[in-house]
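For the sequence shown, this note's numbering assigns the number 5 to the initial residue and increments by one for each residue that follows. In this text, a Cβ means the ideal position worked out from N, Cα and C, and glycines have one as well. Remember, it's a predicted structure, so these values are computed and weren't measured experimentally.
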Amino acid sequence: MKGYSGFYYVLAEEERIWECSLRGRNRRKGQTFLPGDRVVCTIVNETTGKAVIEDVLPRRSQLDRPLVANVDQVVIVMALANPAPDLQLLDRLLIMAESHQVNSVICFNKADLVEVEEAEQLPKSYLKLGFPVVVTSSVTGGGLDCLKSLLPGKITVFSGPSGVGKSSLLNALQDGQSLRTGEVSAKLNRGRHTTRHAQLLAFSAGGLLVDTPGFSRLNLPEDLRREELGDYYPDFKQYKHLCRFHSCLHREEPGCAVREAMEKGFIDEGRYQRYLVFLAEVMAAERRY
């Protein structure tokens, strides 16, 4: 469920949390233990709840940022205001999740801070791409039932920048939960870190939720190649096979159907411009390695 200071807290099948240390052989072989890992433990002291981790079972998925194993889906949380939505980070997170074959849900939070029209416009642009999109407010409770319906039976990571309200959402989703929350700095217009470690939380409707530290920067996957980047854009899918060249990067090539679709308004120009930023980043990384 979580780990720090050399101890690992493991949820057993009878819903009891055990405080675990590692066998010496696991420390020596450099085995990593991540929130979400399924492990084999031996009880050391039933009364005090102490146990030892013997082994970690194979992972079916792993995210790098946040570093969590066996994830079914990631809820990418962006605030509609305070702080303003970071769409470049949102698009990076969508690429990261897709590259790890993890489903994405986009959550636009703090709907109570903007007008109704603004709360609808941005979510609509991502809903058209085929991603589940939820608009929420932990203050008014708006959208929480819709978000709750997507969580049972899954390990769900809540990810996004600091200050967007991830911990507040998790508190609102479950009675009796009291994760620490923080305010957004007026000077910097970004949130203060309140979650220090990724940790799994048992969800009353079934499944597990993962609260994670916020961050403002996310590198693209190291093994991503320039010709693969467009595959992570569902808005390009119906056009890219119409490009003149099979190897088209949708940048400056003649006969590019993706760029033509953007110019006609069928692809969001902002999304396309962010794609060009990512493409330049991937190409620069290829030259370095």
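- prompt: Do you know offhand how far Asp179's Cα is from Val214's?
  reply: Taking the sequence shown and counting its residues from 1, the one referred to as residue 179 is at position 175. Taking the sequence shown and counting its residues from 1, the one referred to as residue 214 is at position 210. Their backbone Cα atoms lie some 16 angstroms apart in a straight line.
field: Per-residue burial, Lys132 [other beta carbons within 10 Å of its own, 16 or more giving buried]
entry: Numbered from its first residue, the sequence shown carries residue 132 at position 128. Answer is exposed; the Cβ neighbour count stays below 16.
task: May I ask you to list the residues that DSSP assigns as paired with Ser65?
output: By 1-based counting over the sequence shown, the position of residue 65 is 61. Note: Ser65 sits in no beta bridge, so no partner.
field: Cβ-Cβ separation, Gly211 to Gly167 (assumed contact under 8 angstroms), whole Å
entry: As a first step, residue 167 must be located in the sequence shown, where it is residue number 163. As a first step, residue 211 must be located in the sequence shown, where it is residue number 207. Actually they do not touch by this definition, with Cβ atoms about 26 angstroms apart.
task: Tell me, please, which residues DSSP counts as bridged to Ile57.
output: The sequence position of residue 57 within the sequence shown is 53, counting from 1. Answer is Leu26, Cys45.
field: contact_flag[the segment 50-64, the segment 85-92] where n(CB pairs < 8 angstroms) is 3 or more
entry: no
query: What is the DSSP secondary structure of Asp315, counted as helix, strand or coil?
result: Absent from the structure is residue 315, since the part of the chain shown begins at 5 and ends at 293.
Candidates Thr52, Met100, Gln92: closest to Asp68 by CA position: The residue given as residue 68 occupies position 64 in the sequence shown. Looking at the Cα atoms, Met100 is the closest of the given residues.
query: Near Leu222, which residues of its chain fall below 7 angstroms by C-beta distance, leaving aside the five closest residues on each side in sequence?
result: As a working mapping, residue 222 is identified with position 218 in the sequence shown. Counting only Cβ-Cβ distances below 7 angstroms, and skipping sequence neighbours, we find Arg69, Leu93, Arg96, Leu97, Met100.
query: What is the rounded straight-line gap between the Cα of Phe37 and the Cα of Asn175?
result: As a first step, residue 37 must be located in the sequence shown, where it is residue number 33. As a first step, residue 175 must be located in the sequence shown, where it is residue number 171. Answer to the nearest angstrom: the Cα atoms are 26 angstroms apart.
query: Under three-state DSSP, which class holds Gln203?
result: Reading the sequence shown from its first residue, position 199 is the one you call residue 203. Three-state DSSP puts Gln203 in a strand.
task: Use the C-beta contact count for His245: other C-beta atoms within 10 angstroms, 16 or more gives buried, fewer gives exposed.
output: Sequence index remark: in the sequence shown, residue 245 carries index 241 (1-based). Exposed, since its Cβ has fewer than 16 Cβ neighbours within 10 Å.
Extent of the continuous beta strand (DSSP E) run through Asp149: Position 145 of the sequence shown, counting from 1, holds the residue named residue 149. Looking at the DSSP string, Asp149 is not in any beta strand (DSSP E); the run it does join, the alpha helix (DSSP H), is 148-152.
- request: Check Ile271 in the structure and name its three-state DSSP category.
  value: In the sequence shown, counting from the first residue as 1, residue 271 sits at position 267. Three-state DSSP puts Ile271 in coil, outside helix and strand.
- prompt: My guess is that Leu173 and Asn113 are in contact by the Cβ rule of under 8 angstroms, so how many angstroms apart are they, rounded?
  reply: Stepping through the sequence shown from its first residue, residue 173 is reached at position 169. Stepping through the sequence shown from its first residue, residue 113 is reached at position 109. At roughly 6 angstroms, the Cβ-Cβ gap stays under 8 angstroms, so Leu173 and Asn113 are in contact.
- request: State buried or exposed for Ile110, treating a residue as buried only when at least 16 other CB atoms are found within 10 Å of its CB.
  value: In the sequence shown, the residue the question calls residue 110 occupies position 106. Result: buried.
message: For Leu151 and Gly40, what's the separation of their Cα atoms in angstroms?
response: As a position in the sequence shown, residue 151 is number 147, starting the count at 1. As a position in the sequence shown, residue 40 is number 36, starting the count at 1. Per the coordinates, the alpha-carbon of Leu151 lies some 21 angstroms from the alpha-carbon of Gly40.
- prompt: Just how far apart, CA to CA, sit Leu228 and Asn49?
  reply: If you number the sequence shown from 1, residue 228 lands on position 224. If you number the sequence shown from 1, residue 49 lands on position 45. When rounded, the distance between both Cα atoms is 47 angstroms.
task: For Ser108, name the three-state secondary structure that DSSP assigns.
output: Counted from its first residue, the sequence shown places residue 108 at position 104. Residue state, collapsed to three classes: strand.
Proximity to Val281 [Cα-Cα], best of His254, Glu23, Ser129, Tyr293: Here residue 281 refers to the residue found at position 277 of the sequence shown. Among His254, Glu23, Ser129, Tyr293, the Cα nearest to that of Val281 belongs to His254.
- request: Please name the residue, chosen from Lys6, Pro136, Val72, that lies closest to Leu155 on a Cα-to-Cα basis.
  value: Counting from 1 along the sequence shown, the entry for residue 155 is found at position 151. Selected option, being the one with the closest Cα: Pro136.
- request: Mind listing, in chain order, the continuous alpha helix (DSSP H) runs of no fewer than 4 residues lying wholly within the segment 63-142?
  value: You should have 91-103, 120-131.
Three-state secondary structure (DSSP) of Ser166: Position 162 of the sequence shown, counted from the first residue, corresponds to residue 166. In the structure shown, Ser166 adopts coil according to DSSP, grouped into three states.
message: Please classify Pro1 as buried or exposed, where buried requires at least 16 other C-beta atoms within 10 Å of its C-beta.
response: Here the chain has residues from 5 to 293 only, and residue 1 is not among them.
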